[in-house]
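> Starting off with a structure, shown below.
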DNA sequence: CTATAAAGTAGACACTGTCTACTTCGCATG
DNA sequence: CATGCGAAGTAGACAGTGTCTACTTTATAG
């Protein structure tokens with residue numbers, strides 16, 4: 087029986103903290119165990135390996151991202167686009183410990199983690215739905231696949247740069263929120279209209 | 087005197103190979119030394135630490151990226167935009183061992199590596215020059231800073247997704263080159279005009 | 001020829017992931 | 001109530017890592 091109230095959840099929380107502050111390669115299961123106040127082997131009762139912890143983090147991350155994107159869906163296309171962009175980048179900035187692990191195939195392989203694949207598919211579908219609407223509405227040059235690549239590149243690129251890029255440090259006088267707002271507007275209305 | 091003809095260069099080459107195939111956190115200086123046929127301490131004659139190797143890789147990476155972007159500069163704005171996008175993503179795909187390390191502040195800190203900062207500034211300036219032209223030409227809604235964020239997000243996002251994202255795996259029936267071409271066109275002409 | 005400084009080697013230390021074997025303890029069953 | 005079973009946690013060991021220190025080799029400058 088657990089001396090520790092839900093060690094599994096604690097492991098994930100502490101791991102996310104470490105990844106958020108020191109990066110994924112700095113994650114040490116022994117350090118996690120130490121912070122959780124258990125022996126260095128206790129986490130292995132709940133996770134097969136270090137990689138399994140990271141895979142679970144990635145799965146949680148994709149689930150949260152999918153939730154946020156689905157919550158942004160709405161009839162009005164402008165609002166759908168702007169809210170989705172905000173939701174995507176907002177999620178990444180709010181959960182860096184999860185987001186940093188989600189696009190790291192060298193650390194987390196999709197094969198062998200069906201849950202990870204399923205949740206990432208949810209997020210992918212939500213984004214794709216928006217891309218299709220934008221393409222159908224003629225706001226993006228090109229077909230659905232181009233629209234999807236364009237949209238995903240834009241939000242993922244902005245999230246990555248804000249999180250790990252020299253963008254914030256380099257003379258950017260602007261707050262991340264303002265940048266996200268500008269880019270979100272550009273997503274909704276790529277045409278240089280009034 | 088070196089028994090090994092330019093061990094420093096060999097270390098960088100082997101390190102780039104490992105990062106390209108197994109990811110940055112799988113880089114082991116001892117493995118590098120092994121593949122170079124020297125003792126496990128030999129690389130430390132040329133690099134202060136593991137992080138210094140990664141920082142050098144990142145510096146080389148930014149230098150190569152800057153070269154590629156500067157070579158794409160030209161009078162015609164359409165061609166400048168399309169060639170820059172191709173150059174950026176092309177560099178990332180051709181040098182994954184370098185590119186993967188360039189946006190990893192948890193592994194490579196800019197402070198204390200002036201060369202790294204200088205080369206990244208070169209690449210940044212080249213990209214910024216294009217952003218300014220696009221903004222001045224009215225092809226991007228918003229000011230220069232928005233244009234820069236938009237442009238960089240797009241090319242960095244696409245490069246990241248092609249390199250490490252589920253984009254290629256997921257039902258994408260299209261070749262990376264075709265995707266890059268589509269997105270490059272969208273960069274040159276964001277407006278959905280003919 | 002020899003001194004010197006750079007290049008490379010060897011060994012040690014603390015740290016890591018993970019294997020194996022042990023202990024503890026709540027609870028269902030007799 | 002006893003018992004024993006399975007899950008949770010502990011402890012020790014092993015190979016591998018980054019990096020410190022101390023040693024050896026060697027090409028060349030004087």
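Residue numbers (this note's numbering), protein chains in the order written: chain A, 87 to 280; chain B, 87 to 280. Think of the CB as a built atom: it goes at the ideal place given N, C-alpha and C, for glycine as much as any other residue.
(1) Nearest by alpha-carbon distance to residue 41 of chain B: which of A:211, A:252, A:173 is it?
(2) Along the chain, where does the alpha helix (DSSP H) containing residue 169 of chain B start, and where does it finish?
(3) Using beta carbons (cut-off 7 Å, strictly below), is residue 243 of chain B in contact with chain A?
(4) Give me the chain B residues within the contact set of residue 101 of chain A, using Cβ-Cβ distance strictly less than 9 Å, ordered along the chain.
(5) Looking at residue 227 of chain B and the ligand MG, is the gap between the Cβ and the nearest heavy atom below 6 Å?
(6) Verify whether the separation of the beta carbon atoms of residue 124 of chain B and residue 100 of chain B is less than 7 Å.
(7) Indicate the three-state DSSP secondary structure (helix, strand or coil) for residue 241 of chain A in the structure shown.
(8) Have a look at residue 155 of chain B and residue 98 of chain A and give me their C-alpha separation to the nearest angstrom.
(9) Under 9 Å between beta-carbons, which chain B residues line up against residue 156 of chain A? List them in chain order, please.
(10) Taking just the CA atoms, how far does residue 91 of chain A sit from residue 182 of chain B?
(11) Tell me, to the nearest whole angstrom, how far the beta carbon of residue 261 of chain B is from that of residue 240 of chain A; I am working on the premise that it is less than 8 Å.
(12) Taking the alpha-carbon positions, what's the residue 190 of chain A to residue 188 of chain B distance?
(13) Enumerate in chain order the residues of its own chain whose CB-to-CB distance from residue 141 of chain A is below 7 Å, with the five nearest sequence positions on each side excluded.
(14) If you compare alpha carbons, which of A:206, A:172, A:229, A:276 is closest to residue 221 of chain B?
(15) Spatial neighbours of residue 151 of chain B within its chain, please: CB distance less than 6 Å, with the 5 preceding and 5 following residues excluded, ordered by chain position.
(16) Identify whether residue 232 of chain B lies in helix, strand or coil by the three-state DSSP scheme.
(17) Return no unless some Cβ of chain B is closer than 7 Å to the Cβ of residue 278 of chain A.
(18) Rounded to whole angstroms, what's the CA-CA distance from residue 112 of chain A to residue 184 of chain A? Just pull it up for me.
(19) Taking the alpha-carbon positions, what's the residue 145 of chain A to residue 138 of chain A distance?
(20) Would you give the residue range spanned by the alpha helix (DSSP H) that residue 108 of chain A belongs to?
(21) Rounded C-beta distance between residue 116 of chain B and residue 132 of chain B? I'm assuming under 8 Å.
Well, looking at it:
(1) This structure cannot settle anything about residue 41 of chain B, because the visible part of chain B is limited to 87 through 280.
(2) 163-180
(3) yes
(4) What residue 101 of chain A touches in chain B: nothing, since even the nearest Cβ is about 15 Å away.
(5) As far as ligands go, the structure on display features none, and thus does not contain the ligand MG.
(6) no
(7) helix
(8) 41 Å
(9) Those do not exist, as residue 156 of chain A stays about 18 Å from chain B at its closest Cβ, beyond 9 Å.
(10) 43 Å
(11) No, residue 261 of chain B and residue 240 of chain A are not in contact; Cβ-Cβ is about 21 Å, not under 8 Å.
(12) 14 Å
(13) 194, 199, 202
(14) A:276
(15) 177, 209
(16) helix
(17) Reliability of the predicted coordinates at residue 278 of chain A is poor, the pLDDT of 46 falling under 50, and the value obtained from them is presented with this limitation in mind. True, the Cβ-Cβ gap to chain B drops below 7 Å.
(18) 14 Å
(19) 10 Å
(20) 93-108
(21) Not a contact, Cβ separation roughly 15 Å.
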